[in-house]
Amino acid sequence: MYISEVRLIYVLIEINYLIRMPESFKVHYLSAECYPAAKTGGLADVVGALPKYLNKLGAEVAVFMPKYHMRWFFDKNFVVEFQGAFQLGSEYVQFQVERLDKEELGFYLYVIDIPGKFDRNGVYADSSTGIFFGDEIERNISFQRAYLTFINTWSELPAVIHNHDHHTGLVPFMMKFCPQFARLKAIPSVFTIHNQAYQGAFEWDRKYLLPGYDIWNEGSLDWAGKINPLAASVKCAWKVTTVSPSYMEELKRNSFGLEWLFNTESAKSIGILNGIDDEVWDPKTDSYLDFKLEGDVASFKMENKKILLKNSKLDINAPLLAFIGRFAMEKGADLLYGLIEGAIKGGNPMNYLILGTGDKGVEAGLKQLADKYPNKVTSFITYNEKLSHEIYAGADFLVMPSRVEPCGLNQMYAMRYGTIPIVHNIGGLKDSVKDYDGTDGTGIKFPNLDMGVMLGKLWEAQLIYHDKEAFWKIVKSAMAQDNSWNNSAGKYMEVYKDVLKLA
Ligand code: NHF
2 MYISEVRLIY VLIEINYLIR MPESFKVHYL SAECYPAAKT GGLADVVGAL
52 PKYLNKLGAE VAVFMPKYHM RWFFDKNFVV EFQGAFQLGS EYVQFQVERL
102 DKEELGFYLY VIDIPGKFDR NGVYADSSTG IFFGDEIERN ISFQRAYLTF
152 INTWSELPAV IHNHDHHTGL VPFMMKFCPQ FARLKAIPSV FTIHNQAYQG
202 AFEWDRKYLL PGYDIWNEGS LDWAGKINPL AASVKCAWKV TTVSPSYMEE
252 LKRNSFGLEW LFNTESAKSI GILNGIDDEV WDPKTDSYLD FKLEGDVASF
302 KMENKKILLK NSKLDINAPL LAFIGRFAME KGADLLYGLI EGAIKGGNPM
352 NYLILGTGDK GVEAGLKQLA DKYPNKVTSF ITYNEKLSHE IYAGADFLVM
402 PSRVEPCGLN QMYAMRYGTI PIVHNIGGLK DSVKDYDGTD GTGIKFPNLD
452 MGVMLGKLWE AQLIYHDKEA FWKIVKSAMA QDNSWNNSAG KYMEVYKDVL
502 KLA
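Numbering (this note's numbering), first residue to last: 2 to 504.
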C-alpha cells in the first residue's frame, strides 16, 4: 500500500472519530479522599479540584467516594440514589449511594454509605487515636464493588472511569474480567498513581472477596505472588498516569519491585504535573488569612509573619524556614532534627517552624528540639488547615527534603504565597521548581539529601534572605509562576480523548 493511502485511512479514522466524539462526556472519579469532604493528603486536593477545571473544559466529572462518619458529612443534604447489596465472602454487604448537589462543590459528589465498613471517624485510621482500622482490604473492595454494582444498573453509563490510587485499583480488572460487570467492559478506564509506595497488596487466600472472574485472566491480578491492586490497575487500565513526568520516569527505575511492569506498560503511560486549586489557594481572597494580599507583597509577607509569630519566641527579623506535612520517611521528616540542629550549631541565623503529625519518634524528636531551642524552633504537632495557610503566607522559606515526591503540592502553595521552596530535586519537585542560578529561579534545590549539602543550601538561603534584591526577585518569580490546573487539566482531556478514540 502506498504511503498516501495509509495517510488517507488515518485521516478517515480521525474524521469518523471527530464526528462521533460527543461535545461533552461523563467521567467518573473514584477516590478514597476528596477535599473538602475527607482529606489526609494531596490526593484529596487533586480529586477536589481537578473536576472543576475539567468541567470548564467540557467534561462532566462526578466524584465517587465512601461516606465516612466524619463531621463534614453530617450537615449535608444528600439525596438517596440507589440501594443495593452484594455477597463479600460469607458477609452480605448492603450499601446506599447518595448524591450531593453540583452547586455545593462545583461537581456532583456521590458518597457510598456502607455500614460496618465506612461509618467510622477517619479515612484510613481513627482520627482521635491515629490507630489504623486494619480491614482496608475488605473496605476497599466493598467500595469498588458497590460502585460497580450501582452503575451496572444505570441507563446512562459514563464515557470514562478514572480511578485514583490502589484503593480503587481493582476496578479496571473487575470491569474487564467479571462476567457480572460485562456491561461495563467497553468503558475505557484511566488510572492515576498519586503514591506508588502504597500498593494495597494482599494474599491470594482472600480472593473470595472478589466477585467471580474469568479464571484464565487471574494473572492480571498478580504481582510477586500476591493480589496487587496497584499492579492490576497498571495492567488493566487503558491509560496510566502519574502526577508528574519525572515521577513516571523514576518509577521505571525504582518502584519497589514493579520496575519491569512500568517499563512494559510505558506506551500507555504518561506523567502529568498536578496543579493547585487557585480559587482555594488565592492569597488575595483566602478566608483563612487575617491579612490578605492587597497589592504590596512585602507588607503581605510581613503582616502574616507577625501574625504567625505572635505567640512564639522567634525573632521576626530572622529568616523563617517552615516544614509542613506528614512525618514520614518518604517526606524526609526524619532528617529535620539533624538538619535544624546542624544549622543552629553552624551559626545559621534562621528560625524554624514545623507543622505536622505522623511517625511518633519524629513527633517526639521535634517537640524536644523546640524545647531545647525555644528562641529558634517552634513545632505544632497537629493537623491544622488554617495554620498551614498562615504559614505559607508568613514564612520566608519552605523546606521539602522528600526522598520520594510524586508531585508535591506544598511547594506550589508556597510559591503562590511568596514563600521560597527549598526542595530535593526529584519527582514533581524537579518539574515545578526552577533552581535559582544567581540571576533567575523560583526556589532552591538540594541535588541530594547529604546533610552537608543540605546545610550548605540553607546557608545560601539565609544569604539570599539578606540580599534583598535577589530575595524579592525569587519571591516575585515564584508568585508569577502559573501552577494552576489551567495548565494540566487540558492534558487530562487529551488522555480522555485518546481512550475514547480507542473505544
Ligand atoms: O502531590 C497528589 C499527591 C502528590 O506528592 C504527593 C503525594 C501524594 O505524595 O497527587 O499525592
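Note that beta-carbon positions come from the ideal geometry of N, C-alpha and C, so glycine has one too.
Taking residue i and residue j to be in contact with their CB atoms under 8 Å, please state how far apart those CB atoms are, rounded to whole angstroms.
i    : j    : result
I355 : L337 : 7 Å
C408 : S267 : Rounded, the Cβ-Cβ distance is 19 Å, inconsistent with contact.
W50  : D278 : Note on residue identity: the sequence assigns Ala, not Trp, to residue 50. Going by Cβ atoms, the distance from A50 to D278 rounds to 4 Å, so yes, they are a contact pair.
P67  : I115 : 7 Å
V191 : K240 : 5 Å
N484 : G276 : 6 Å
I228 : L222 : 5 Å
L456 : A344 : 6 Å
L55  : M494 : 7 Å
P375 : K314 : 5 Å
M401 : V424 : 4 Å
Which residues does DSSP list as the beta-bridge partners of residue i?
i    : result
A394 : Per DSSP, none; premise fails for A394.
D114 : Q97
M401 : V424
I445 : I423
Y109 : A63
G272 : T243
V80  : R100
Y353 : L322, V378
Y30  : V64, H163
S485 : I277
L1   : What the structure shows of the chain is the stretch from 2 to 504, and residue 1 is not part of that stretch, so it cannot be assessed.
S190 : I162
W73  : Bridge partners of W73: none, in fact.
C408 : Answer is none; C408 lacks a bridge partner.
Does the beta-carbon of residue i have 16 or more other beta-carbons within 10 angstroms, so that it is buried, or is it exposed?
i    : result
F538 : The shown model of the chain, from 2 to 504, leaves out residue 538, and the question about it has no answer.
V454 : exposed
F257 : exposed
S300 : exposed
G516 : What the structure shows of the chain is the stretch from 2 to 504, and residue 516 is not part of that stretch, so it cannot be assessed.
H545 : No statement about residue 545 is possible, as the shown extent of the chain runs from 2 to 504 and does not include it.
L321 : buried
E386 : exposed
H165 : buried
F133 : exposed
G296 : exposed
Q197 : buried
A365 : exposed
I20  : Summary for I20: the model assigns pLDDT 44, below 50, so the residue's position carries little reliability; its value from the coordinates is reported in the next sentence. With fewer than 16 other Cβ atoms within 10 Å, it is exposed.
N449 : exposed
S243 : For clarity, residue 243 is Thr in the given sequence; the question names Ser instead. The residue is buried, with at least 16 neighbouring Cβ atoms inside 10 Å.
S270 : buried
Q95  : exposed
T130 : exposed
E251 : buried
Pairs of beta-carbons, one from the segment 381–395 and one from the segment 294–309, closer than 8 Å: are there three or more? yes
Cβ pair count under 8 Å reaching 3, the segment 324–331 against the segment 358–369: yes
Counting pairs of Cβ atoms below 8 Å between the segment 278–293 and the segment 409–426, do you hit three or more? yes
Residue list, Cβ distance to the ligand NHF heavy atoms smaller than 6 Å: G42, G43, L44, V47, H195, N196, V244, N275, E406, P407, C408, G409, L410, G429
Does the count of Cβ pairs from the segment 137–152 and the segment 81–90 closer than 8 Å reach three? yes
Count Cβ pairs between the segment 102–116 and the segment 163–183 that sit closer than 8 Å; are there 3 or more? no
Spell out a yes or no on whether the segment 57–67 and the segment 193–212 are touching, meaning 3 or more CB-CB pairs, one atom from each, closer than 8 Å. no
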